[in-house]
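Colleague: Anchor point for the sequence shown: position 70 equals 70 in the UniProt record's numbering, and the numbering is continuous, going up by one each time.
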Amino acid sequence: MEAEKKKKCEATAGVKVLVVVVVVVVVVVVVVVVVVVVVVVVVVVVVVVVVVVVYLAVVVVGVVVVVVVVVVVVVVVVVVVVVEEEKEEEQEEEDDDDDDYDDDDDDDDDLRRRMVRRRRRGGGEETISE
Numbered sequence: 001m002e003a004e005k006k007k008k009c010e011a012t013a014g015v016k017v018l019v020v021v022v023v024v025v026v027v028v029v030v031v032v033v034v035v036v037v038v039v040v041v042v043v044v045v046v047v048v049v050v051v052v053v054v055y056l057a058v059v060v061v062g063v064v065v066v067v068v069v070v071v072v073v074v075v076v077v078v079v080v081v082v083v084e085e086e087k088e089e090e091q092e093e094e095d096d097d098d099d100d101y102d103d104d105d106d107d108d109d110d111l112r113r114r115m116v117r118r119r120r121r122g123g124g125e126e127t128i129s130e
C-alpha cells in the first residue's frame, strides 16, 4: 500500500512538475508574443508617423515654394510695369522738352528769316531783342 501511495505521490509530483513547467512555458510564450506584438505596433506607429511627417513636410515645402515663386513673379511683374511706366513718363517728358526746344528752334529760324528778309529789302541793320 505504501508502495502504491508512493507511486501515486511520485506520479502526482511528476504531474505537478509537468503542470508547473507547462504553465511557465505558456506564460513565457505569452509574454514573448505580447512583447513582439508591442514592438511591432510601436515600429508600425513610428513608421506611420515618420511617413506622415515627411509627407506633410514635403507638402508644406511645396506650398512654401509655390507661394515664394508666386510672390517673386508678382513682384517682378510689378517692378517691370512700374519701370516701364516711368520710362514712358520720362520719354513723354523728353518728347515734351524736345517739342519745346523744337519750338524755340523754329522761333529762332523764323527770327533769322525775318532778319534776312529785312536786310534784302534794304532795311539796314536792325537789332532784334528776343
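For glycine and all other residues, C-beta sits at the position ideal for the given N, C-alpha and C.
Keep in mind it's a predicted model, so treat the numbers as computed, not measured.
How long is the line joining the alpha carbons of valine 32 and valine 49, rounded to whole angstroms?
Modeller: About 25 Å.
Colleague: What is the rounded straight-line gap between the Cα of valine 63 and the Cα of glutamate 85?
Modeller: So the two alpha carbons sit approximately 33 Å from each other.
Colleague: For methionine 115 and valine 75, I'd like the C-alpha separation in whole angstroms.
Modeller: Going from the Cα of methionine 115 to the Cα of valine 75 covers about 59 Å.
Colleague: Note down the Cα distance separating glutamate 92 from alanine 57, rounded to an integer number of angstroms.
Modeller: Taking the straight line from one Cα to the other gives about 52 Å.
Colleague: Does glutamate 130 come out as helix, strand or coil in the three-state DSSP assignment?
Modeller: Legend: pLDDT at glutamate 130 = 45, less than 50; position of this residue unreliable, value from coordinates given subsequently. Coil.
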